[in-house]
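Residue 444 in my numbering sits at position 444 of the sequence shown; the count goes up by one each step and never skips.
By construction, the Cβ of each residue, glycine as well, lies at the ideal position given by its N, Cα and C atoms.
Notes for the one structure printed next.
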Amino acid sequence: MFRQPHWCHIKDFYNLICESCSGHWTVTRCVLTLLGGRCASARIVQRRNLSGADAINALRPFYFAVHPDFFGQHPREREVNENSLKRLNGYLGNLQKPGARYPKPANLTFYVRDTKERADSSDSLLASGFRSVTFTLQSKDVLSTVLDVLRSCSLSVEHMQDVLKAETGKSSTQQPGTAFYRPIKWDKTYYTFTGFRDPEQELEQARRVEPTLSLWLRNNEPEATKKQNASVPRREELKRLKRELIQKLGLLDIRWQRKWGFAHKCSQLQSLGRLFTQSPEALHILRGHTIVFTDQSGMNASGHVMLGTMDVHHQWTKLFERLLSYRSLFQQSDWLKERISHLFGGIQVIHIERMGPALPLEEHYSTLNTFHKRLLPQRLSLHPRSMQGLTMTLENDRSTPCLHEMGHFIIPTMCDTLQLQNFLQSQAQEARRRMQRRDKLEAEEEDIISSCLQDLCLRSLSKEPSVSSNQMIPCCRRLMEEKSPPMQGLHLYISHFYSVMQDGDLCIPWDWKG
1 MFRQPHWCHI KDFYNLICES CSGHWTVTRC VLTLLGGRCA SARIVQRRNL
51 SGADAINALR PFYFAVHPDF FGQHPREREV NENSLKRLNG YLGNLQKPGA
101 RYPKPANLTF YVRDTKERAD SSDSLLASGF RSVTFTLQSK DVLSTVLDVL
151 RSCSLSVEHM QDVLKAETGK SSTQQPGTAF YRPIKWDKTY YTFTGFRDPE
201 QELEQARRVE PTLSLWLRNN EPEATKKQNA SVPRREELKR LKRELIQKLG
251 LLDIRWQRKW GFAHKCSQLQ SLGRLFTQSP EALHILRGHT IVFTDQSGMN
301 ASGHVMLGTM DVHHQWTKLF ERLLSYRSLF QQSDWLKERI SHLFGGIQVI
351 HIERMGPALP LEEHYSTLNT FHKRLLPQRL SLHPRSMQGL TMTLENDRST
401 PCLHEMGHFI IPTMCDTLQL QNFLQSQAQE ARRRMQRRDK LEAEEEDIIS
451 SCLQDLCLRS LSKEPSVSSN QMIPCCRRLM EEKSPPMQGL HLYISHFYSV
501 MQDGDLCIPW DWKG
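So, in structure tokens, the structure goes:
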């Protein structure tokens with residue numbers, strides 16, 4: 001029986017033949033046939049390669065749009081981007097290794113920060129303000145891969161025109177006898193006979209790689225159950241610590257900006273408890289407040305006290321000493337909101353925490369103050385109660401106002417006030433219609449979550465903020481209709497992807513496949 005020659009045994013022979021017959025297709029193809037297609041033109045293809053530094057510079061707009069550090073308020077999107085960046089860097093690293101085989105096609109998903117101005121809400125944006133982009137890497141060189149990534153994310157490639165012109169020049173002035181790109185396309189029977197993988201088939205599988213819910217649960221439920229059982233003591237400890245601190249400090253609530261694990265949350269509460277034991281008098285000023293553990297210390301736009309998880313006790317104590325000043329600034333912010341509301345016919349200025357990162361009170365006050373000063377010289381003619389019951393948010397990085405799908409206005413701080421007045425008046429009726437629809441959807445969502453919890457005997461059912469009511473309702477309805485596989489006793493978290501979280505919570509996409 002014919003035996004396939006081992007790659008390592010004939011590598012030197014192959015190199016010798018290639019050097020002797022450079023540019024001679026017939027001889028080289030014979031060698032490729034002898035190797036069983038293992039190198040599949042890898043050594044006769046001149047890869048259009050960028051250096052590592054050039055690739056990083058070329059991808060700078062992409063990194064700025066997807067880097068996990070910009071997703072602090074959105075841990076799920078942050079985790080997806082972290083994992084996808086690792087796979088992308090691995091793919092680029094393999095392409096840059098001399099003599100390495102081409103990497104397999106890779107299916108990647110990124111959440112992209114959208115920095116473009118939009119006149120109205122876009123269907124491609126999630127409620128968090130990010131676009132979800134999925135694409136398949138299949139390029140055989142670094143330059144093509146970089147271009148594919150940028151174009152897939154709808155990012156400009158203008159900064160790469162010099163590189164593209166240089167590559168075009170190289171191709172047009174290529175000398176006879178030099179290596180050239182001429183990929184081999186083997187017949188399907190070749191892969192059947194040799195047992196090697198068909199790259200076209202792998203690419204098609206990568207494009208369609210998404211498990212069904214039943215298959216994914218069958219493969220991951222044991223791991224989730226194991227982690228969930230191991231986390232029970234930590235869950236109980238967290239409840240106890242939170243209850244005791246709320247009682248001792250007279251707090252309204254204790255919250256977390258991110259979906260940290262229970263062990264991490266317990267350590268944060270224990271740290272606050274130690275500070276109370278050491279300096280109880282310093283923490284009395286917290287009475288009546290809500291504490292939020294986040295990335296920075298201060299007070300947010302909602303008046304909640306933010307404790308930076310990376311800060312030490314000394315920094316927390318300094319914050320408590322400034323709390324009276326923060327309270328005064330918060331009162332001034334409320335006064336500015338009342339004045340703006342009066343000038344705009346009773347519309348209420350709000351800040352929606354769940355739709356963006358934590359907004360420091362200082363920044364919120366500055367935005368309100370700037371907007372109020374621009375309104376004062378204008379002669380607005382809105383009826384005192386014409387906009388009552390409507391809401392608006394202020395943003396510094398917009399140039400045109402828009403009406404969000406949930407019914408609130410998004411208003412740029414720097415815009416023409418008369419044009420804004422006309423926009424508000426023309427869109428007021430539509431805003432009220434959207435708010436009524438939102439209220440109806442939220443009530444329906446609350447009912448169906450309660451029914452789903454009961455029908456499926458789940459331990460808990462929640463969702464991440466970027467999942468809208470329009471997505472959550474059909475997701476829960478399908479879970480109840482199919483009732484398979486059983487999910488009794490599980491903690492279920494509805495998101496945009498599959499994952500088993502560190503404490504055993506099962507994360508599934510809202511549009512899961514049956």
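Consult DSSP for residue 495 and reduce its assignment to one of helix, strand or coil.
-> Residue state, collapsed to three classes: strand.
Between the CA atoms of residue 459 and residue 476 - distance to the nearest angstrom | 15 angstroms
For residue 61, three-class secondary structure by DSSP = DSSP places residue 61 in helix when its eight states are reduced to three.
Distance, Cα to Cα, residue 223 vs residue 106?
-> 25 angstroms
For residue 234, the nearest candidate out of 212, 249, 258, 268 (CA to CA) = 268
Are residue 82 and residue 68 closer than 9 angstroms when you measure CB to CB?
-> yes
Beta-carbon gap between residue 372 and residue 418 smaller than 9 angstroms = no
Do residue 293 and residue 255 have their C-beta atoms within less than 9 angstroms of each other?
-> For residue 293 and residue 255, yes; Cβs fall inside 9 angstroms.
If you draw a straight line from the alpha carbon of residue 448 to that of residue 473, how long is it in whole angstroms?
-> 7 angstroms
Residue 447, enclosing alpha helix (DSSP H) - first and last residue | 417-456
Close beta carbons around residue 374, own chain, < 7 angstroms, minus the five adjacent residues each side = Here the set comprises 417.
Where residue 358 sits in the DSSP three-state scheme = coil
At least three beta-carbon pairs within less than 8 angstroms, the segment 433-445 to the segment 392-401 | no
Please classify residue 348: does DSSP put it in a helix, a strand, or coil?
-> Of the three classes helix, strand and coil, the one that applies to residue 348 here is strand, per DSSP.
Reference residue 251; option with closest CA among 258, 257, 241 | 241
Classify residue 111 as helix, strand or coil using the three-state DSSP reduction.
-> Collapsing the DSSP output to three states places residue 111 in a strand.
Hey, out of 143, 76, 249, whose CA is closest to residue 109's CA?
-> 76
Selected residue, minimal CA-CA separation from residue 214, among 345, 498, 307, 264 | With distances taken between Cα atoms, residue 214 lies closest to 498.
Pull up the CB-CB distance for residue 59 and residue 146, whole angstroms please, since I reckon it's below 8 angstroms.
-> 6 angstroms
Could you check the C-alpha separation between residue 461 and residue 361 for me, to the nearest Å?
-> 32 angstroms
Sorted by chain position, which residues of the same chain lie with C-beta nearer than 6 angstroms to residue 220's C-beta, five sequence neighbours on each side aside?
-> Excluding sequence neighbours, residue 220 sits near 500.
To the nearest angstrom, report how far apart residue 154 and residue 287 are at their CA atoms.
-> 49 angstroms
Rounded C-beta distance between residue 333 and residue 368? I'm assuming under 8 angstroms.
-> 6 angstroms
Quick one: Cα of residue 445 to Cα of residue 511, how far?
-> 16 angstroms
Look at the alpha carbon of residue 218 and the alpha carbon of residue 161, and state the distance between them as a whole number of angstroms.
-> 49 angstroms
So, is residue 414 buried or exposed, given that buried needs 16 or more other C-beta atoms within 10 angstroms?
-> exposed
Per DSSP, what kind of secondary structure is residue 231 in: helix, strand or coil?
-> Judged by DSSP in its simplified three-state form, residue 231 adopts helix.
Tell me residue 414's beta-bridge partners as DSSP assigns them.
-> DSSP links residue 414 through a beta bridge to no other residue.
Through-space distance from residue 143 to residue 302, alpha-carbon basis | 47 angstroms
For the segment 300-332, list the alpha helix (DSSP H) runs that are entirely contained and at least 4 residues long, ordered along the chain.
-> 313-321
Can you name, in chain order, every residue of its own chain whose Cβ lies under 7 angstroms from the Cβ of residue 262, other than the five neighbours on each side?
-> 231, 234, 235, 238, 503
Could you tell me the distance, in whole angstroms, from the CA atom of residue 270 to the CA atom of residue 298?
-> 20 angstroms
Taking the Cβ atom as the reference point for each residue, do residue 340 and residue 424 lie within a distance shorter than 9 angstroms?
-> no
Nearest to residue 319 by alpha carbon, out of 386, 442, 307?
-> 307
Just checking my contact of residue 495 with residue 486 at CB under 8 angstroms: how many whole Å lie between their CB atoms?
-> 21 angstroms between Cβ atoms; not a contact.
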